[in-house]
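Participant: Residue numbers (mature numbering (1 follows the signal peptide of the UniProt record, and there is no 0)): -34 to -1, 1 to 618.
Quick reminder that beta carbons are idealized off the backbone N, C-alpha and C, glycines included.
I'd like to ask some things about the structure below.
Pasting the structure below:
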């Protein structure tokens, strides 16, 4: 183990990234717009010097990035600022620079007299931080103890070290710094400078013959192999310091460019132009949120703020800087908007809807690959949770009068979307989970991710890929791919049946013939066995009223869309039912015959997690851009729904 030479440099060949103080990073970021003057030199010997570093006035960002190029050597040598620290590499992408440093050395003659005075070595890099994750402090020798003293910017001091005592190297492990002739330890994080101190217990008196010197240095972990047979060329070891501010700046630049690209791809420039036309108008339009605003509003999308989750999106409760509580819908999929102008038009139209029974779209964030939508927050959960008693923890069930009020609210909202907006809107995914209830149990239709605007020339018909939720899908739309407002009527009919029965629209736990609630409901109604499927707890005492609502639901569920009532007609009929509910006496069960045999299938287990399957994937639809994982029973269920096209009862 012959370590020879004076003042030898320590160099380690690989780069390491470390952390710089945030205050400096912020200062550098504030100057990010600075540019070097034309004609700046970028080469010093073998070193490429990129901006913000530079070697001439006007070519570097500030004094912290000055590189002095000395031509006294061949090739020229670069030094960090005005120090004697040689720079061997600069990586802006990784935010790192590579430098050389001296080793601490402690040597003795055969009389035990110290022959040099380089037992202490200091490295001061106040603008940088020494890596703690990949660098190691190493000491070599058989009569050696070495201390590593480090200082942070707040003058906090740390001391660590290691020791090695041995009478020979016979037991030393090959290529291993494990305590015999060589010891090592980690160094603390965040250090701006360090001091290496090397000393001896016995002045190498007993080991001078094979080990007259001890050494201490900092080197990248894995880049130094201790060997007892070979002389160690210390010139191949390097200490790396890094500039986190540059790394952060480069990272921020890339991130900002990516955000700008997403913003433009998602129609952000067009949306800004459109919103400018509403300046000073009494009409309010969508607001454009930044990604940073929404991260702050949701505590970086913390799981504690999650209030809902669907096949392709997660909804978080958030609080904006103005204290407004909002619901923020973040897509699970990563797919760009392919029809950005159409998406922007839909955002503007939806944001201008001001109806007491429609959840208002407040705005969107376009700085992510898939836009994030921001809605008003509705505090009392979904209709699905209330009528299906989620997790069996619900309080008393909703009364029939309240259920019909919710149905009336929903019908009014859909009628408004179909006939009263500037451009007719087909919701296309009407279901219990998309109907929210506020603290007064006022229903509000939500989630327009699958909605489509219908231009006047299309006469309320659109040829489109099928999209919606199995169990609620209009069979005619499923077969023809022609979407009309009557598709919403069918889906609403399923919701009406849910309100009357407290059963789920689709349940894979039941026998295949009984999984589709709409089909079973119409079949029982046609055979005068309606009582077998109704929820006794909420319909008792309202026989005539329930019969009228059931008949309305049946008309909504007619297979041919042209034979279904319009949402205007549905809303008017329900509105006529709600105010008179109190005129009907409560108490006593309705006279609906049922037998144990007829009701056995109603006792099935709750629906599995795959009962509601979104058929998503049409390119260009706002908020839906990929297919959803479908249950193994999906195909049979779809066939079951298509079979409903065979007329039942009166052919409707």
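Given a cut-off of 8 Å, decide if residue 540 and residue 454 are closer than it, judged by their beta-carbon atoms.
Facilitator: It is not a contact, given that the beta carbons lie outside the stated cut-off.
Participant: How many Å lie between residue 7 and residue 22 at the Cα?
Facilitator: Answer to the nearest angstrom: the Cα atoms are 8 Å apart.
Participant: Can you check which of these residues, 391, 274, 10, is closest to residue 351 by C-alpha distance?
Facilitator: 274
Participant: Leaving aside the five residues before and after residue 123 along the sequence, list all residues of the same chain whose C-beta is less than 8 Å from its C-beta, in chain order.
Facilitator: 115, 116, 117
Participant: Counting only the same chain and skipping the five closest in sequence on each side, list residues whose C-beta sits under 6 Å from that of residue 396.
Facilitator: 454, 457, 458
Participant: Do the stretch 219 to 233 and the stretch 320 to 338 meet, that is, are 3 or more Cβ pairs less than 8 Å apart?
Facilitator: yes
Participant: Quick check on residue 330: does DSSP put it in helix, strand or coil?
Facilitator: strand
Participant: If you measure between the beta carbons of residue 353 and residue 293, is that distance less than 8 Å?
Facilitator: no
Participant: Which residue comes first and which comes last in the beta strand (DSSP E) that contains residue 72?
Facilitator: 70 to 73
Participant: Leaving out the 5 sequence neighbours to the left and right, which residues in its chain are closer than 7 Å to residue 375 when beta-carbon positions are compared?
Facilitator: 323, 408, 409
Participant: State the DSSP-derived secondary structure class of residue 345, mapped to helix, strand or coil.
Facilitator: coil
Participant: Pairing CB atoms from the stretch 496 to 512 with CB atoms from the stretch 460 to 469, are three or more of them under 8 Å?
Facilitator: Between the stretch 496 to 512 and the stretch 460 to 469, the count of Cβ pairs shorter than 8 Å is three or higher; the stretches touch.
Participant: If we ignore side chains and look at the alpha-carbon of each, how far apart do residue 46 and residue 120 end up?
Facilitator: 23 Å
Participant: Between the stretch 258 to 267 and the stretch 385 to 395, do three or more beta carbon pairs fall short of 8 Å?
Facilitator: no
Participant: For residue 483 versus residue 437, is the C-beta distance shorter than 8 Å?
Facilitator: yes
Participant: Run through DSSP, which three-state label would residue 160 get?
Facilitator: strand
Participant: Using only the alpha-carbon positions, how far apart do residue 312 and residue 418 sit?
Facilitator: 8 Å
Participant: Please classify residue 580 as buried or exposed, where buried requires at least 16 neighbouring CB atoms within 10 angstroms.
Facilitator: Its pLDDT being 39, under 50, residue 580 is placed unreliably in this model, and the value from its coordinates should be taken loosely. Buried, since its Cβ has 16 or more Cβ neighbours within 10 Å.
Participant: Which residue spans inside the stretch 92 to 137 form an unbroken beta strand (DSSP E) run of at least 3?
Facilitator: 101 to 106, 109 to 117, 123 to 131
Participant: At what residues does the beta strand (DSSP E) containing residue 284 begin and finish?
Facilitator: It spans 279 to 285 - the beta strand (DSSP E) in which residue 284 sits, taken as one unbroken run.
Participant: Along the chain, where does the alpha helix (DSSP H) containing residue 12 start, and where does it finish?
Facilitator: Where residue 12 is concerned, there is no enclosing alpha helix (DSSP H), given that its DSSP letter is neither H nor E.
Participant: Residues in its own chain within less than 8 Å of residue 24 by CB, not counting five upstream and five downstream?
Facilitator: 2, 3, 6
Participant: Would you check if the stretch 126 to 137 and the stretch 39 to 56 touch, i.e. whether three or more CB-CB distances between them fall below 8 Å?
Facilitator: no
Participant: DSSP three-state call for residue 441: helix, strand or coil?
Facilitator: helix
Participant: According to DSSP, simplified to helix, strand and coil, what is residue 202?
Facilitator: Bear in mind that the predicted position of residue 202 carries a pLDDT of just 35, short of 50, making it unreliable; the figure below should be weighed with that in mind. DSSP places residue 202 in helix when its eight states are reduced to three.
Participant: Taking Cβ positions, are residue 163 and residue 70 nearer each other than 8 Å?
Facilitator: yes
Participant: Could you give the first and the last residue of the continuous alpha helix (DSSP H) run that contains residue 404?
Facilitator: Element bounds for residue 404: n/a, residue is neither H nor E.
Participant: Of all the options 297, 504, 73, 290, which has the alpha carbon lying nearest to the alpha carbon of residue 263?
Facilitator: 290
Participant: In whole angstroms, give me the CA-to-CA distance for residue 240 and residue 253.
Facilitator: 11 Å
Participant: Mind checking residue 496: buried by the 16 CB within 10 Å criterion, or exposed?
Facilitator: Under a 10 Å Cβ-count criterion, residue 496 is classified as buried, with 16 or more other Cβ atoms of the shown protein chains found around its own Cβ.
Participant: If we ignore side chains and look at the alpha-carbon of each, how far apart do residue 58 and residue 94 end up?
Facilitator: 14 Å
Participant: Identify which residue in 544, 441, 508 has its Cα closest to the Cα of residue 524.
Facilitator: 441
Participant: So, for residue 161: in the same chain, excluding its five sequence neighbours on each side, which residues have a beta-carbon less than 6 Å away from its beta-carbon?
Facilitator: 88, 115
Participant: State the DSSP-derived secondary structure class of residue 86, mapped to helix, strand or coil.
Facilitator: strand
Participant: Whose CA, out of 511, 522, 486, lies closest to the CA of residue 451?
Facilitator: If we check each option's Cα against that of residue 451, 522 comes out closest.
Participant: Tell me the DSSP secondary structure of residue 450 in three-state form.
Facilitator: Three-state result, residue 450: strand.
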